[in-house]
Amino acid sequence: MTHIDRHDTDILIIGTGGAGLFAALHAQQSAPAGTRITIAVKGLIGKCGCTRMVQGGYNVALGGGDSVERHFMDTVKGGKWLPNQDMAWKLCEQAVVRIHELENEIGCFFDRNADGTLHQKAFAGQTADRTVHKGDLTGIEIISRLMEQVLARPVEKLQEHRAIGLIPTRDGSALAGVLFIDMRAGGFRLVRAKTVLMATGGGPTMYKYNTPSGDKTMDGLAMALRAGLELRDMEMVQFHPTGLLAGDHTRMTGTVLEEGLRGAGGQLLNGAENRFMFDYDPKGERATRDVVSRAIYAEMRKNNTSANGGVFIYMAHLGPDNVRAKFPGMVKRCADSGFDLAGGLVEVVPTAHYFMGGVVVDPDTRTAMEGLYVAGEDAGGAHGSNRLGGNGVANSTVYGGVAGDVMGADIRTMGALRDPCPNALQAEVDRALHPLSRQPAPVHPLRHALQEAMWEDVGVMRTAAGMERGLTRVAEISDALMTVGVAGDNLAFNLTWHDWLNLRSLCDVSEAITLAGLARENSRGAHYREDFPDEGDLDASYFTVITQKGSDLTVRRDAVQFTIIRPGETILPETEPETLVAAQ
1372 MTHIDRHDTD ILIIGTGGAG LFAALHAQQS APAGTRITIA VKGLIGKCGC TRMVQGGYNV
1432 ALGGGDSVER HFMDTVKGGK WLPNQDMAWK LCEQAVVRIH ELENEIGCFF DRNADGTLHQ
1492 KAFAGQTADR TVHKGDLTGI EIISRLMEQV LARPVEKLQE HRAIGLIPTR DGSALAGVLF
1552 IDMRAGGFRL VRAKTVLMAT GGGPTMYKYN TPSGDKTMDG LAMALRAGLE LRDMEMVQFH
1612 PTGLLAGDHT RMTGTVLEEG LRGAGGQLLN GAENRFMFDY DPKGERATRD VVSRAIYAEM
1672 RKNNTSANGG VFIYMAHLGP DNVRAKFPGM VKRCADSGFD LAGGLVEVVP TAHYFMGGVV
1732 VDPDTRTAME GLYVAGEDAG GAHGSNRLGG NGVANSTVYG GVAGDVMGAD IRTMGALRDP
1792 CPNALQAEVD RALHPLSRQP APVHPLRHAL QEAMWEDVGV MRTAAGMERG LTRVAEISDA
1852 LMTVGVAGDN LAFNLTWHDW LNLRSLCDVS EAITLAGLAR ENSRGAHYRE DFPDEGDLDA
1912 SYFTVITQKG SDLTVRRDAV QFTIIRPGET ILPETEPETL VAAQ
């Protein structure tokens, strides 16, 4: 029997991005005195994950004619009427509360206008200048200040602890705890808790071009699938239109050049240096991310491309000095890869960026499993089929705070810690140890094969034939992975073992993405079917729900509940203008 270290706490938070750290702070405020709060993270607190990588900013309706109602309408329309409207409303409403908390309690400094008000810029798909920011590297400011606050408090920290399994009770009705690998020692640790927040972040790194932090491999959603939880909108993978394209030799390829570049008037040019976006959408470069990504992909298929096979973003017409002043982080990023953003052309390509799909939760972050809560990119519903730029970090911090409040309140009515199901615990241990009993072989060729398969067959544009082919390719890669072994003589910081576990998660979630894509026979937001290009009847909108039983995945369609507004209607006054954004 493999030794498993046992550890107990009251509130366990998996992940230390914006959602996890905010949850820790709010749980401290809402829980009874003496409550034990533990945070666990795959890497180091404040030094990993995607929140610190946020560039553009934070959407919040603060003035200048903007309103929560307008933010909500942009979010629902941008999500093509698929969002859970109660979640979308709470996101927009609580973003106003959270931005003041970030400034006045957490200590964040955001850019300001000459009159002292917060500076807000325009992002694609939005009808107001509502994106608060710190230059073009907003995430570092937010995560650094949150990290300082959490490190100063009596919160237990389990760093370099990789979550590998949600362990239920014997009857499966509730969550008993979470199984981890202590990466520093290489051993297993079971942490029991009354309430658990899963905030591991998404990260669609199963694509050839991708933006997320290197530690992101969809572990949370893979664990949720195995635990039998329902996942919604799994076909909705957002491609950011402008990922840096610097060649295969550098890991900088795929990293984002932020939305604000296009919002400020940046132009997209094809290989012949012709501006092309108005051929695809009347909003040009300010169209939503899904539209711009498809337009770029269409130019790529026509071979109207740059040297590395993408297109160009051009900013010099706005004045090189102005560009350097407004976007210093982006200018430096491009310069590091040999490009002059301020005065020249920079090659870009659509890059897998964000995952709108996730665990089915209610607006208070509760799941169908007692004791388990989900917030941030692991949770589905708030964005529907497309996330507006600037809504991501707002979503994480808003719902992280909500989760902390709710978990702290819920444990007041909970009794003793729950006992884990020994069979479920052993199954997760066996799954993790599987490669240690096989002949060692390289893992990376299989990961590269998965990234090629998902990019080619389940990418920016999709067809039934392509996705069926993708399913076959993913299954072949999954089967091949089970024959690949890892040397197990030393499990402490055994990165090859973790590479294997990373790819296992990516394969499982890739299958779910592809099956959900096949089940959606229309085109909405990030999901575009060339064989079903119509968006379908908006009044009959549905979202996909995928579940796993044993090793089999099943997909169903659930009707969207229009709890606040129906397609074709608005909650804005008739006298309101369609947009408050000045034309470029």
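Taking my numbering, the leading residue of the sequence shown gets 1372, the next gets one more, and so forth.
Glycine included, C-beta positions come from ideal geometry on N, C-alpha and C.
All values derive from a computational prediction rather than experimental measurement.
{"Query": "Check the DSSP bridge columns for residue 1536 and list the partner residues they point to.", "Result": "1550"}
{"Query": "Taking its Cβ as the centre, do 16 or more other Cβ atoms sit within 10 Å of residue 1853, making it buried, or is it exposed?", "Result": "exposed"}
{"Query": "Got a sec, what are the start and stop residues for the alpha helix (DSSP H) residue 1833 sits in?", "Result": "No alpha helix (DSSP H) holds residue 1833; DSSP gives it neither H nor E."}
{"Query": "Residues bridged to residue 1898 by DSSP?", "Result": "1895"}
{"Query": "Does the Cβ of residue 1448 have 16 or more other Cβ atoms within 10 Å, making it buried, or fewer, making it exposed?", "Result": "buried"}
{"Query": "Based on Cα-Cα distance, which residue from 1623, 1592, 1480 lies nearest to residue 1428?", "Result": "1480"}
{"Query": "Quick one, are the C-beta atoms of residue 1402 and residue 1779 less than 8 angstroms apart?", "Result": "yes"}
{"Query": "Would a C-beta distance cut-off of 8 angstroms place residue 1396 and residue 1521 closer than the cut-off?", "Result": "yes"}
{"Query": "What are the partner residues of residue 1685, as DSSP defines its beta bridges?", "Result": "1638, 1716"}
{"Query": "Provide the residue span of the alpha helix (DSSP H) that contains residue 1889, from first to last.", "Result": "1866–1890"}
{"Query": "According to DSSP, simplified to helix, strand and coil, what is residue 1923?", "Result": "strand"}
{"Query": "Using the rule of at least 16 other Cβ atoms within 10 Å of the residue's Cβ for burial, across every protein chain shown, is residue 1866 buried or exposed?", "Result": "exposed"}
{"Query": "Do you know how far the Cα of residue 1699 is from the Cα of residue 1794?", "Result": "54 angstroms"}
{"Query": "What is the DSSP secondary structure of residue 1914, counted as helix, strand or coil?", "Result": "strand"}
{"Query": "Find out if the Cβ-Cβ distance for the pair residue 1769, residue 1432 is shorter than 8 angstroms.", "Result": "no"}
{"Query": "Please state whether DSSP places residue 1936 in a helix, a strand or coil.", "Result": "coil"}
{"Query": "When DSSP labels each residue in this structure, what does residue 1559 get in the three-state scheme?", "Result": "strand"}
{"Query": "Is the beta carbon of residue 1519 less than 8 angstroms from the beta carbon of residue 1409?", "Result": "no"}
{"Query": "Check for me: the beta strand (DSSP E) holding residue 1744 runs from which residue to which?", "Result": "1743–1745"}
{"Query": "Roughly how far, in whole angstroms, is the beta-carbon of residue 1573 from the beta-carbon of residue 1749, given that I think they are within contact range, below 8 angstroms?", "Result": "6 angstroms"}
{"Query": "For residue 1547 versus residue 1571, is the C-beta spacing smaller than 8 angstroms?", "Result": "no"}
{"Query": "If you compare alpha carbons, which of 1655, 1582, 1620 is closest to residue 1629?", "Result": "1582"}
{"Query": "In chain order, what residues of the same chain lie with their CB nearer than 7 angstroms to the CB of residue 1881, ignoring the 5 residues before and after it?", "Result": "1577, 1821, 1825, 1845"}
{"Query": "Which of helix, strand or coil does DSSP assign to residue 1378?", "Result": "strand"}
{"Query": "Decide if residue 1608 is buried, meaning its Cβ has at least 16 other Cβ atoms within 10 Å, or exposed.", "Result": "buried"}
{"Query": "Could you tell me the distance, in whole angstroms, from the CA atom of residue 1924 to the CA atom of residue 1437?", "Result": "43 angstroms"}
{"Query": "Is residue 1830 buried or exposed, if buried means 16 or more other CB atoms sit within 10 Å of its CB?", "Result": "buried"}
{"Query": "Which residues does DSSP pair with residue 1429 in a beta bridge?", "Result": "1503"}
{"Query": "Could you tell me which uninterrupted beta strand (DSSP E) segments, each at least 3 residues in length, are contained entirely in the stretch 1385–1428, listed from first to last along the chain?", "Result": "1408–1411"}
{"Query": "So, do the stretch 1619–1634 and the stretch 1937–1946 have three or more beta carbon pairs nearer to each other than 8 angstroms?", "Result": "no"}
{"Query": "Check this for me: beta carbons of residue 1444 and residue 1537, under 8 angstroms apart or not?", "Result": "no"}
{"Query": "Is it true that the CB of residue 1618 sits closer than 8 angstroms to the CB of residue 1679?", "Result": "yes"}
{"Query": "Tell me the DSSP secondary structure of residue 1810 in three-state form.", "Result": "coil"}
{"Query": "Assuming residue 1890 contacts residue 1856 (C-beta within less than 8 angstroms), just tell me the rounded distance between them.", "Result": "Contact flag wrong, Cβ pair sits at about 35 angstroms."}
{"Query": "What's the call for residue 1544, buried or exposed, on a 16-neighbour Cβ count within 10 Å?", "Result": "exposed"}
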